[in-house]
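Quick note: the sequence shown uses the working numbering, first residue 2, plus one each step.
Written out below as structure tokens is the structure these notes cover.
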Amino acid sequence: MLDNKTFFSEVVIESPGRINLIGEHIDYNGGFVLPAAIDKKITLSFRKNNSNTCEVLSSNFKSSFKVDLNNLVRSDVKWQNFVLGVLFHINVLKPASVKGFD
2 MLDNKTFFSE VVIESPGRIN LIGEHIDYNG GFVLPAAIDK KITLSFRKNN
52 SNTCEVLSSN FKSSFKVDLN NLVRSDVKWQ NFVLGVLFHI NVLKPASVKG
102 FD
């Protein structure tokens with residue numbers, strides 16, 4: 002099982018949080034918006050694992066799960082479905098492009 006103390010990543014991606022004070026989902030229709038940055042962010046750390054499985058650890062939820070890329074099914078644990086949904090749709094758009102990672 003993964004843990005924050007022994008995991009060393011190859012790639013780190015950070016995405017800053019933002020809020021929309023006005024104009025939720027109207028900017029792409031020509032409307033006005035007023036977004037602002039907030040002090041929250043999502044950080045993703047990856048490393049290849051040379052397998053066909055993905056092991057994912059959430060620091061916030063203090064839990065992890067492992068999934069076979071050939072058998073992506075919905076989880077009973079809500080936060081896991083955000084990851085599973087992304088993996089599923091990447092596989093729909095570009096089959097077999099995702100390889101195993103932790």
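Ideal Cβ positions, reconstructed from N, Cα and C, are used throughout, including at glycine.
Legend entry - Buried or exposed (CB count within 10 angstroms, at least 16 for buried), aspartate 28: Within the sequence shown, numbered from 1, the residue matching residue 28 stands at position 27. That one is exposed.
Inset, instruction - Would you check if the stretch 89-98 and the stretch 25-42 touch, i.e. whether three or more CB-CB distances between them fall below 8 Å? - result: no
Inset, instruction - Give every residue of the same chain whose Cβ lies closer than 7 Å to the Cβ of phenylalanine 102, excluding the five residues on either side of it in the sequence, and list them in chain order. - result: As a first step, residue 102 must be located in the sequence shown, where it is residue number 101. Once the five neighbours on either side are set aside, the close Cβ partners of phenylalanine 102 are Phe47, Arg48, Lys49, Asn50 and Cys55.
Legend entry - Residue range of the unbroken beta strand (DSSP E) whose run includes asparagine 21: Mapped onto the sequence shown, residue 21 falls at position 20. 12-21 is the extent of the beta strand (DSSP E) around asparagine 21.
Legend entry - Segment contact flag, the stretch 63-76 with the stretch 84-93, C-beta cutoff 8 Å, min 3 pairs: yes
Inset, instruction - Determine the DSSP secondary structure at phenylalanine 62, reduced to helix, strand or coil. - result: What you label residue 62 is simply residue 61 of the sequence shown in a count that begins at 1. In this structure, phenylalanine 62 counts as coil in the three-state DSSP scheme.
Legend entry - lysine 49: first and last residue of the uninterrupted beta strand (DSSP E) it sits in: Position 48 of the sequence shown, counted from the start, is the residue given in the question as residue 49. Here lysine 49 belongs to no beta strand (DSSP E), and DSSP marks it neither H nor E.
Inset, instruction - May I ask which residues mark the beginning and end of the alpha helix (DSSP H) holding isoleucine 91? - result: Taking the first residue of the sequence shown as position 1, residue 91 is located at position 90. Residues 79-94.
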